[in-house]
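From first to last, the protein sequence lines are chains Y and E. Quick note on numbering: my numbering labels position 228 of the first sequence as 229, and the sequence is numbered without any gaps. Quick note on numbering: my numbering labels position 412 of the second sequence as 413, and the sequence is numbered without any gaps. All C-beta atoms, glycine included, are put in the ideal place defined by N, C-alpha and C. Have a look at the structure below, then the notes.
There are 2 protein chains.
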Amino acid sequence: MRTKFLLHLAAILIAISSNAQSDDSTSIKVLADEILSHGKAYDNLRYICKKIGPRLSGSVNAQKAVEATAKMLKEAGADTVYLQPCRVPHWERGAKETGYIQMAAGKKYNLNLCALGNSVGTGKSGITGAVVEVKSIEEIHQLGESVLDGKIVFINFTMDPTNINVFQSYGESGIGRWGAPTIAAKYGAVGAMVRSLAINPDDFPHTGVTAYNDSFPKIPAVAISTNDANWLSNQLKRKMMLTAFVQTNCQMLPDAPSFNVIGEVKGKEYPNEIITVGGHLDSWDLAEGAHDDGAGCVQSIEIIRALKATGIQPKRTIRAVMFMNEENGGRGARKYEELAELKGEKHVFALESDAGGFSPRTFSFENADVSFEKLNGWKKLFYPYGVYEFVKGHSGADIEPLKKLGTVLCALIPDTQRYFDIHHASTDTFETVSRRELHLGAVNMAALIYLVDKYGL
Amino acid sequence: MRTKFLLHLAAILIAISSNAQSDDSTSIKVLADEILSHGKAYDNLRYICKKIGPRLSGSVNAQKAVEATAKMLKEAGADTVYLQPCRVPHWERGAKETGYIQMAAGKKYNLNLCALGNSVGTGKSGITGAVVEVKSIEEIHQLGESVLDGKIVFINFTMDPTNINVFQSYGESGIGRWGAPTIAAKYGAVGAMVRSLAINPDDFPHTGVTAYNDSFPKIPAVAISTNDANWLSNQLKRKMMLTAFVQTNCQMLPDAPSFNVIGEVKGKEYPNEIITVGGHLDSWDLAEGAHDDGAGCVQSIEIIRALKATGIQPKRTIRAVMFMNEENGGRGARKYEELAELKGEKHVFALESDAGGFSPRTFSFENADVSFEKLNGWKKLFYPYGVYEFVKGHSGADIEPLKKLGTVLCALIPDTQRYFDIHHASTDTFETVSRRELHLGAVNMAALIYLVDKYGL
């Protein structure tokens, strides 16, 4: 009897669960159809990339982007739109950056280069030095002062082409850009030329921050294209000695005022429980910042628009956040968390899109040990929309400060095979974004927000 | 005792199976590393797109592509390279195609249009007619001769943007292009303007074949861009009557000689068992045919190259085939099957890549009822390389004739959200192809060929 009762109960629970999934599936399709048929993310992205363009923190364009996205959030139907002040680093590239390798008979091989973000400039006379190639941090330490003093260090760390997880390759080689120059400076190097963090051979230099250790001299650091890095490495194999000249006039100015941009839809049952969805508004100065991270911004705005357009009223407060200064400081992210803490806000979930506006594949959950099983139970609802994988892993730089508040964090991970062709380079343009891929990313984000809002975590 | 024995046996079998998978995983990684580090598919594609370009069947460029890919197959290390003669339709667009909508006050709205493949031309004086919009085949029949006689029919079948499976949308709306013009001709229409088979709003006309029913007059048929179709439909809602002018001078010439291009690696154990891997060499005359289907060709050549470069000697004969005339006739595919039948060849498996050179997601198996379980057992070996889904479904136009020989057929299905932005349009250029995505497709194809070759079906 008891067994029979339990079987009945199980059947009822399965039926309820199955009905719930079927209802959820219907609601998600309503959101998906709205976004795929009437989505504004692509048009908004065109505006940000083509009417504004590059928008590094502290720049006039960054402020234009603040105003433009606040307007977009209002047009999307957000109940409240406001700006959250934060001071940001203000680095400028300056008008001129050039460099070459001195070849025999007075000839020069001009390098495709750009200053690394936050780097000091070379001064008007530039820097000249013999080039020493290094392939690992260990090698820098091994060569030491006796070899590196007075030299321009050529940091040639390649991204592993055989690793399908391109972000892992980036993580492994990234130290060449953000860490290696200052270590070389410790041993007297006068400048650093860093192989661009790109997998494919091409002619575009890719910028990104380098970090200085205040104990060592700040030396000018530039990125050179992967083709130039390959060429230079081959030249160095043949010739004992090559001399490089580099001139940049980038500089770090005093911190500038800026803002995170926030738009909210108020929750009707638990308005004090906040679900954040965001991307970062600043981009590198070389790029339109279409994938990095205009995409994440317009997708987040689209969540607000789709909720309003479909009349889905959330239980919790949904907050779209355009974080400022992800690229060279992370000040917006820290300010967002600081104020959340100060106000005693309850942040239940945060979702970030900052891996490109490509076709969605994966959600990566962080700080989700308790709730992962629940989240994973929803996975099959995403399969029809291209996300087939829920993993525990890293989330994103702008939401990570919320970890200390106990917030469950999540990153949308799209197909990233194209990402390092455009990352931090002038090739990150609107034209490389597919409308459907961008909108499909927003569909999956909207679906996840919908489920977390409905069921809680 | 018996139970114990069976448990032992099961344990042994699991161990063997697990070792086999581990060996397979190692071999697949060898192939993958080779392709991702030293793959030539991208460079070969650049040559086909940029040094040759559009290559419709019967054209001078198609012949150049025959010669170029034969050379590539030799360089890839194929044991044998040969051409398989086939006669192909020879359609030419002609130099001039133009059209407009006559507006008030003598003004014209110029249309972004192109003749549909295999269409007749309009003659020098063009055609003029009142425009009648139809949204379904049923509507054409309903309007009939009383409405359509003497008119230019505007076939405005939209591709469903809410369908994630874009090929399904293409299948549903495709009749607007290949079937509807000739049905309208039955009722006296003098010309057809077909909404391009594209999902997004843009200004590019997308060509593709239209088919004539010999019982009805052959009327000129053109594609117009989706933006123009939206504009025209809106205009027709406001005005009772609009007149269009269309002029094309395309024509069908006598059949021309051409070839399938074939390169083989001989099997060492079962040389008479053939595994085919292919794409189609012809492209539409408007496009570089990068995704459609230069990608499938260079990926197939890459399989040969990777086998040779890694020293993996197949048991069965691996044959890379560049099929001719997929776009407007399918003659190469039929010739390939005819000759296979004539020679009594044993075709165990055929794999086609003709859905774009995008990141791989799925293998679709046809004629595989018996072997699907075995194939599906290999699925987890593909997960690290991006393919996560094995389905039973359609394979591809060029290998489908082999179905009657009992061959198990398969298509590589990559992420296709971008596909209909470029399909059959001038936007199908080399620049839209990602090197890593293209090569990752070849990795998965190589892995599948490796497994089928090793274990049979």
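Here residue 368 of chain Y has 404, 409, 410 as same chain residues with Cβ atoms under 6 Å from its own Cβ, once five neighbours each way along the sequence are excluded.
Its chain contains 62, 65, 66, 69 as the residues whose beta carbon lies nearer than 8 Å to that of residue 53 of chain Y, once the 5 sequence neighbours on both sides are disregarded; these appear in chain order. The alpha carbon of residue 90 of chain E has as its nearest neighbour, out of E:187, E:145, E:418, E:326, the alpha carbon of E:326. The DSSP-derived three-state label of residue 285 of chain E is coil.
In this chain, residue 232 of chain Y is not harboured by any beta strand (DSSP E); it is covered by the alpha helix (DSSP H) spanning 227-239. Its Cα nearest to that of residue 60 of chain Y, the residue Y:287 stands out among Y:155, Y:98, Y:270, Y:287. Taking every protein chain shown into account, the CB of residue 111 of chain E has fewer than 16 other CB atoms within 10 angstroms, so this residue is exposed.
Taking a Cβ-Cβ threshold of 9 Å, the residues of chain E close to residue 386 of chain Y are 165, in chain order.
For residue 427 of chain E, the closest Cβ of chain Y is not nearer than 9 Å.
Against chain Y, the beta carbon of residue 170 of chain E has no neighbour under 9 Å; the closest one sits roughly 11 Å away. Between residue 301 of chain E and chain Y, the shortest Cβ-Cβ separation is not below 9 Å. Rounded to whole angstroms, the Cβ separation of residue 159 of chain Y and residue 196 of chain Y is 7 Å, and the two are in contact under 8 Å. Assignment of residue 206 of chain E by DSSP, reduced to helix, strand and coil, places it in the coil class. At a C-beta separation below 7 Å, residue 438 of chain E has these neighbours in chain Y: 418, 419.
If you compare the alpha carbons of E:312, E:258, E:180, E:231 with that of residue 157 of chain E, the shortest gap goes to E:231.
The criterion of a C-beta distance shorter than 9 Å is satisfied by residue 291 of chain Y and residue 358 of chain Y. The stretch 210-223 of chain Y makes contact with the stretch 121-135 of chain Y; the number of CB pairs closer than 8 Å reaches 3 or more. Ranked by Cα distance from residue 387 of chain E, the options E:366, E:378, E:361 are led by E:361. The C-beta of residue 371 of chain Y has fewer than 16 other C-beta atoms within 10 Å across all chains shown, which makes the residue exposed.
The stretch 130-146 of chain Y and the stretch 250-259 of chain Y do not touch, with fewer than three beta-carbon pairs separated by less than 8 Å. Residue 102 of chain Y has a beta carbon lying at 9 Å or more from every beta carbon in chain E. Relative to the Cα of residue 206 of chain E, the nearest Cα in the group E:223, E:355, E:192, E:193 belongs to E:223. The Cβ atoms of residue 154 of chain Y and residue 182 of chain Y sit closer than 9 Å to each other. By the beta-carbon neighbour count (other beta carbons within 10 angstroms, threshold 16), residue 239 of chain E is exposed. For residue 201 of chain Y, the chain E residues whose Cβ falls inside 8 Å of its Cβ are 436, 437, in order along the chain. For residue 33 of chain Y, the chain E residues whose Cβ falls inside 9 Å of its Cβ are 163, 165, in order along the chain. With fewer than 16 other CB atoms across the displayed protein chains lying within 10 angstroms of its CB, residue 270 of chain Y is exposed.
Taking residue 100 of chain E as reference, the option from E:117, E:128, E:74 with the minimal CA-CA separation is E:128. Counting only residues of its own chain and dropping the five nearest sequence neighbours on each side, residue 200 of chain Y has a CB closer than 6 Å to the CB of 160, 162, 421.
By DSSP's assignment, residue 353 of chain Y forms a beta bridge with Y:279, Y:412. Residues of chain Y with a Cβ closer than 7 Å to the Cβ of residue 389 of chain E are, in chain order, 389. Here the alpha carbon of residue 31 of chain E sits roughly 12 Å from the alpha carbon of residue 39 of chain E. Looking at the DSSP output, residue 318 of chain Y shares a beta bridge with Y:275.
If the five residues before and after residue 273 of chain E are omitted, its C-beta is found closer than 6 Å to the C-beta atoms of 347, all from its own chain and listed in chain order. For residue 370 of chain E, none of the residues of chain Y pass the 9 Å Cβ criterion, the least Cβ distance being about 24 Å. Around the beta carbon of residue 26 of chain Y, fewer than 16 other beta carbons sit within 10 angstroms, so the residue counts as exposed.
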